[in-house]
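A.B. asks:
2 protein chains.
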Amino acid sequence: MSGGLLTDLYELNMAASYLRRGMTDVATFSLFVRDLPPERGFLVAAGLDPALDWLERLSFGPDELDYLARTGFDAATLHALERLRFTGEVWAVPEGRIVFASEPLLEVSAPIAEAQLAETFLLNQLTFHTTLASKAARCRVAAAGRIELVEFGFRRTQGVEAAFAVARLAALVGFVGTSNVEAARRFDLRTSGTMAHSYVEAFPTETDAFRAYAHDLPGPVTFLVDTYDTQEGVANALEVIGELGLARAAAVRIDSGDLVALARQARRMLDDAGLHRVRIFVSGGLDEHDLARLVANDAPVDAAGIGTRLGVSADAPYLDSVYKLVAYGDRPVVKLSPGKRTLPGAKQVFRGPGMRDVLGLRGEPPPPGTHPLLEPVMRAGKRLSASSDLDTARKRFESDLDELPPPALALRDPQAPEAELSDALRRLVDATGAPPAPP
Amino acid sequence: MSGGLLTDLYELNMAASYLRRGMTDVATFSLFVRDLPPERGFLVAAGLDPALDWLERLSFGPDELDYLARTGFDAATLHALERLRFTGEVWAVPEGRIVFASEPLLEVSAPIAEAQLAETFLLNQLTFHTTLASKAARCRVAAAGRIELVEFGFRRTQGVEAAFAVARLAALVGFVGTSNVEAARRFDLRTSGTMAHSYVEAFPTETDAFRAYAHDLPGPVTFLVDTYDTQEGVANALEVIGELGLARAAAVRIDSGDLVALARQARRMLDDAGLHRVRIFVSGGLDEHDLARLVANDAPVDAAGIGTRLGVSADAPYLDSVYKLVAYGDRPVVKLSPGKRTLPGAKQVFRGPGMRDVLGLRGEPPPPGTHPLLEPVMRAGKRLSASSDLDTARKRFESDLDELPPPALALRDPQAPEAELSDALRRLVDATGAPPAPP
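Same order as they appear, the protein sequences are chains E and G. Position one of the first sequence corresponds to residue 1 (our numbering), numbered consecutively onward. Position one of the second sequence corresponds to residue 1001 (our numbering), numbered consecutively onward.
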């Protein structure tokens, strides 16, 4: 699959029309999130790599052209699509940086047919990666450096592709590992896993199961203690830990019930037995609010598995992202539909101290004390550097997170900083504010 | 990729332990949704094909074994995994059928290591396909046969895999087409597409854009009329329709604002011009509640594009699905964790008239007037029939939809039928209700 059909039909229709009329002027499209969901005070830019990979490979193979012929595209259009490659320029916010509403995550400048064809795929990838990274970042903020986080979402993400994405993006924002083995292999992450209730149930007694697991698996072992009764489960784990000398490399996992109370009880039982180094791991439909509650209650929890509600970004499963034409040829462009007004021109985000951002024009000089967020990442259809590595992205995220004002970090009713418009952008808005004269 | 690492680490750990101990008894796992989300009165079973495909291909290739060796798995385990294939039996509810909470979508019976390894992938695929199919079905119900539906979700689904799934599943529940070209090619769906605001903006005037589009694209043409001002947009479309004689093959699309009022105004303008056959298409962040409002207000809307909120099942982006051990060897199994109690034994769902379901044991005779929902779909690791075709699935859905009681169809606070337990299952529950004696 060469990727050309990974698009909405209207992109192909519009591209066909542009190609047929020889409309080859360079168009600039800006991809940004119009408004943040109510429970998001910031976004973590992500998804750039697969977007650029697709642009580099964009073409129409014989099977795809054949399909388009059967659906009514004419020979001239097919011929033009056969030769089409992405030859444009892309500016983007590097992965891991924190951004806000109205700030472009990415801008494409290319002959209009090419730029238009890219809309669907670019929106898909940047939206869903940014959605998942931003949710994972909230979990990381809630854990407050006191609870280690492991990504457990694979079983209920919206597909395998999403499972890979969330494993990688969770690591980007500071999770220590993932349960997803193939994702760990691909992205060089730490795998983490315990046992399921079914394992305990497959043995005559819970103690038999714990003993077998500790015998069979090398390395640290985590005993799932809530299959039958949590207090009894902890007692059984204590017995096996003592019997096998696992005091330095064991944990108990609690997956149901009142986690604060059960963790305290388990900690007491472990401490009473002198097992101060045995860790407590919790799981079971947790999200950032549950993590905040554990932290606020000073629950003796060492680590947590965060699955479903992270894996689909349950409280905000999408972002209001758009890909808007902002310039065509020499002409800045605006759209005036009610509630959907766009700002004209190729842009830049100038970041000041404390995340005071100025949304300006790409060509204008940075206001004093600011630096630009968008960087050129592709020219003439070729990437300007190798794909982003996770460590670099992680550092960007950590550095931005340190700068984020507290109201943006709040889990409930966060307040995101709002970018100001630069004088130059304001003047351009005024100059292009009116719709074209009626014909 | 041979698929073996598409799993959570703990599945591999447990499988390794079972293999090492020669625990090869057949385990039965039951995959079901514990509770429906508040806004779901029914689920549409989906995702069986990719699940069975994966089971048929399940193996560990050299690269995967090498990775596992590096992460600490020993030689004996690697050798056992190298030879491992899925040799079990699968029963499942055929795609398109309507199911409810607690009813197995699928049951796997296989040597316990094989059955355990399948947990993550099977949960992932059945959960996300069923989530999306069920959301699409609500849109279909809301449209009440009065508004044609087109799937527009690609740009904001959680990945490309999810975009393919939602295009196909929307078609399964009665959508007439999709904007996703590659999905249309793969699944033989009708593509549908209009134009974007950017197209209108790329021309000096809206009328120029409409004229160009109608010239360049053969077949029915849809004019997007809200780029600048909707009323003026309709007037411009009228002009071009008249000029080019498109009265029988044109539509106008309204993508923002008060759709009921704007559609009425557009209909009046079109009718006044004698253009009774020009259709009205609406879009813009719509979901089933918006569709119901259009229908309730008798808005003159012929078709609608349903995108983002369908594409991620925004109000219920996951299901509370589980994969539970219900039998091992000769022994029925239960789990007693608070709020997570499971029912023992391999099951069958017996459907009576009006969707009165009885949840029973697989081996028991169907109660009079009922038929079983779960069918054998795989034996000895081989599928029993070719992959499900969309038309057959669509017929199953239509037939079940006709039977669904009205409270389950409600968009707000739906009431799903609850399956009764058969006497035989009840007896087995009583017999297995106590946890095993403490060691």
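In this text, a Cβ means the ideal position worked out from N, Cα and C, and glycines have one as well. These numbers were taken from a predicted model, which means no experiment stands behind them.
For the putative contact between E:A250 and E:F223, defined by C-beta atoms under 8 Å, what is the C-beta separation to the nearest angstrom?
C.D. replies: The sequence position of residue 250 of chain E within the first sequence is 250, counting from 1. The sequence position of residue 223 of chain E within the first sequence is 223, counting from 1. Confirmed, Cβ separation roughly 7 Å.
A.B. asks: Helix, strand or coil: how does DSSP classify E:P407 here?
C.D. replies: Position 407 of the first sequence, counting from 1, holds the residue named residue 407 of chain E. Three-state DSSP puts E:P407 in a helix.
A.B. asks: Based on Cα-Cα distance, which residue from E:A45, E:G360 and E:E82 lies nearest to E:D63?
C.D. replies: Walking along the first sequence from the start, residue 63 of chain E turns up at place 63. If we check each option's Cα against that of E:D63, E:E82 comes out closest.
A.B. asks: Could you tell me which uninterrupted alpha helix (DSSP H) segments, each at least 4 residues in length, are contained entirely in the segment 1111-1198 of chain G, listed from first to last along the chain?
C.D. replies: With a minimum length of 4 residues, the continuous alpha helix (DSSP H) runs that stay inside the segment 1111-1198 of chain G are 1112-1117, 1119-1143, 1160-1172 and 1181-1187.
A.B. asks: Which same chain residues, not among the five before or five after G:P1438, have their C-beta less than 8 Å away from its C-beta?
C.D. replies: Indexing the second sequence from 1 puts residue 1438 of chain G at position 438. Per-residue confidence for G:P1438 stands at a pLDDT of 37, beneath the threshold of 50, marking its modelled position as unreliable; the derived number appears in the next sentence. So no residue of the chain qualifies.
A.B. asks: Any contact between the segment 83-97 of chain E and the segment 389-401 of chain E? By contact I mean 3 or more CB pairs, one from each, below 8 Å.
C.D. replies: These segments touch.
A.B. asks: Could you pull out every unbroken beta strand (DSSP E) segment of at least 3 residues lying fully inside the segment 314-339 of chain E, listed in chain order?
C.D. replies: Runs of the beta strand (DSSP E) inside the segment 314-339 of chain E: 321-328.
A.B. asks: As a quick exercise: from E:A171, E:L404, E:R185 and E:M355, pick the residue whose alpha carbon is nearest that of E:A136.
C.D. replies: As a working note, residue 136 of chain E is residue 136 in the first sequence. Of the candidates E:A171, E:L404, E:R185 and E:M355, the one whose C-alpha sits nearest the C-alpha of E:A136 is E:A171.
A.B. asks: Hey, G:E1011 and G:E1107: beta-carbon distance below 8 Å or not?
C.D. replies: Position 11 of the second sequence holds residue 1011 of chain G. Position 107 of the second sequence holds residue 1107 of chain G. Not closer than 8 Å, so no.
A.B. asks: Could you work out which residue in E:G257, E:R341, E:G329 and E:E375 is closest to E:T28 when comparing CA atoms only?
C.D. replies: Locating residue 28 of chain E in the first sequence gives position 28, counting from the first residue. Selected option, being the one with the closest Cα: E:G329.
A.B. asks: Where does G:V1312 fall in DSSP's three states?
C.D. replies: As a working note, residue 1312 of chain G is residue 312 in the second sequence. Note: G:V1312 maps to coil in three-state DSSP.
A.B. asks: For E:T392 and chain G, any beta-carbon pair shorter than 8 Å?
C.D. replies: As a working mapping, residue 392 of chain E is identified with position 392 in the first sequence. Chain G, which has no Cβ nearer than 8 Å to the Cβ of E:T392, makes this no.
A.B. asks: I'd like to know if G:E1161 contacts chain E, where contact means its C-beta is closer than 8 Å to some C-beta of that chain.
C.D. replies: Here residue 1161 of chain G corresponds to residue number 161 of the second sequence, with the count starting at 1. G:E1161 counts as touching chain E.
A.B. asks: Taking the Cβ atom as the reference point for each residue, do E:L428 and E:P332 lie within a distance shorter than 8 Å?
C.D. replies: The sequence position of residue 428 of chain E within the first sequence is 428, counting from 1. The sequence position of residue 332 of chain E within the first sequence is 332, counting from 1. A contact, by the Cβ cut-off of 8 Å.
A.B. asks: Spatial neighbours of E:R379 within its chain, please: C-beta separation below 7 Å, excluding the five flanking residues on both sides.
C.D. replies: In the first sequence, residue 379 of chain E corresponds to position 379, counting from 1. Excluding positions up to five away in sequence, the list reads E89.
A.B. asks: Strictly under 8 Å for the Cβ-Cβ distance: is E:R202 near chain G by that measure?
C.D. replies: One-based indexing of the first sequence puts residue 202 of chain E at position 202. The amino acid at residue 202 of chain E is misidentified as Arg; the sequence shows Ala. Chain G contact via Cβ: present.
A.B. asks: At what residue ranges does the segment 1013-1099 of chain G contain a whole run of the beta strand (DSSP E), taking only runs of 3 or more?
C.D. replies: As far as the segment 1013-1099 of chain G is concerned, its whole beta strand (DSSP E) runs of at least 3 residues are 1026-1033 and 1089-1092.
A.B. asks: Quick check: G:P962 and G:P1372, are their CB atoms within less than 8 Å of each other?
C.D. replies: Chain G is shown from 1001 up to 1439; residue 962 of chain G falls before or after that span and cannot be answered.
A.B. asks: Does G:R1138 get closer than 8 Å to chain E when you measure Cβ to Cβ?
C.D. replies: Within the second sequence, the letter at position 138 stands for residue 1138 of chain G. Judged by the 8 Å Cβ criterion, G:R1138 is not in contact with chain E.
A.B. asks: Between G:E1008 and chain E, is the shortest Cβ-Cβ distance under 8 Å, so that the two count as touching?
C.D. replies: Locating residue 1008 of chain G in the second sequence gives position 8, counting from the first residue. Reading off the sequence, residue 1008 of chain G comes out as Asp, not Glu. So, interface residue.
A.B. asks: DSSP on E:R253, reduced to helix/strand/coil?
C.D. replies: For the purposes of this step, residue 253 of chain E is taken as residue 253 along the first sequence, with counting starting at 1. Note: E:R253 maps to strand in three-state DSSP.
A.B. asks: Run down chain E in chain order and give the residues with a C-beta less than 9 Å from the C-beta of G:E1056.
C.D. replies: As a working note, residue 1056 of chain G is residue 56 in the second sequence. Those within 9 Å of G:E1056 in chain E number zero; the least Cβ separation is about 16 Å.
A.B. asks: Grouping DSSP H, G and I as helix and E and B as strand, with all else coil, what is E:T230?
C.D. replies: In the first sequence, counting from the first residue as 1, residue 230 of chain E sits at position 230. Here E:T230 sits in helix by DSSP.
A.B. asks: Mind listing the chain B neighbours of G:I1112? Cutoff is C-beta to C-beta under 7 Å, in chain order.
C.D. replies: Absent here is chain B; the protein component of the structure consists of chains E and G.
A.B. asks: Could you say which of G:M1014, G:F1187, G:D1066 and G:G1145 lies nearest to G:A1303 if we only look at CA atoms?
C.D. replies: What you label residue 1303 of chain G is simply residue 303 of the second sequence in a count that begins at 1. It is G:G1145 whose Cα lies nearest to the Cα of G:A1303.
A.B. asks: Show which residues of chain G have a CB atom less than 7 Å away from the CB atom of E:E375.
C.D. replies: Mapped onto the first sequence, residue 375 of chain E falls at position 375. Here the premise fails: no neighbours, minimum Cβ distance about 24 Å.
A.B. asks: Does the segment 50-63 of chain E come close enough to the segment 353-361 of chain E that 3 or more CB-CB pairs lie under 8 Å?
C.D. replies: As far as the Cβ criterion goes, the segment 353-361 of chain E does not touch the segment 50-63 of chain E, which means the pair count is below three.
A.B. asks: Identify whether G:D1008 lies in helix, strand or coil by the three-state DSSP scheme.
C.D. replies: Residue numbering aside, residue 1008 of chain G sits at position 8 when the second sequence is read from its first letter. Three-state result, G:D1008: strand.
A.B. asks: Does E:A346 get closer than 8 Å to chain G when you measure Cβ to Cβ?
C.D. replies: Here residue 346 of chain E refers to the residue found at position 346 when the first sequence is read from its first residue. No, E:A346 does not count as interfacial toward chain G.
A.B. asks: Let me check one thing: in DSSP terms, what residues is E:L224 bridge-paired to?
C.D. replies: Numbered from 1 along the first sequence, position 224 holds the residue referred to as residue 224 of chain E. Looking at the DSSP assignment, E:L224 forms a beta bridge with E:R253.
A.B. asks: What did DSSP end up calling E:P435 once you bin it into helix, strand or coil?
C.D. replies: On the first sequence, residue 435 of chain E is found 435 positions in, with the first residue counted as 1. Its pLDDT being 44, under 50, E:P435 is placed unreliably in this model, and the value from its coordinates should be taken loosely. Three-state result, E:P435: coil.
A.B. asks: Between the Cα of E:A410 and the Cα atoms of E:V150, E:P38, E:T392 and E:L126, which residue gives the shortest distance?
C.D. replies: Numbered from its first residue, the first sequence carries residue 410 of chain E at position 410. Nearest of E:V150, E:P38, E:T392 and E:L126 to E:A410, Cα basis: E:P38.
A.B. asks: Answer yes or no: do G:P1405 and G:G1354 have a C-beta to C-beta separation smaller than 8 Å?
C.D. replies: Against the second sequence, residue 1405 of chain G aligns to sequence position 405. Against the second sequence, residue 1354 of chain G aligns to sequence position 354. For G:P1405 and G:G1354, yes; Cβs fall inside 8 Å.
A.B. asks: Alpha carbon to alpha carbon, what distance is there between G:D1271 and G:S1385?
C.D. replies: Counting from 1 along the second sequence, the entry for residue 1385 of chain G is found at position 385. Counting from 1 along the second sequence, the entry for residue 1271 of chain G is found at position 271. Their Cα atoms are separated by approximately 52 Å.
A.B. asks: For a cutoff of 8 Å on Cβ pairs, would you count G:M1269 as touching chain E?
C.D. replies: To locate residue 1269 of chain G, count along the second sequence from 1; it is residue 269. It does not: the Cβ of G:M1269 has no partner Cβ on chain E nearer than 8 Å.
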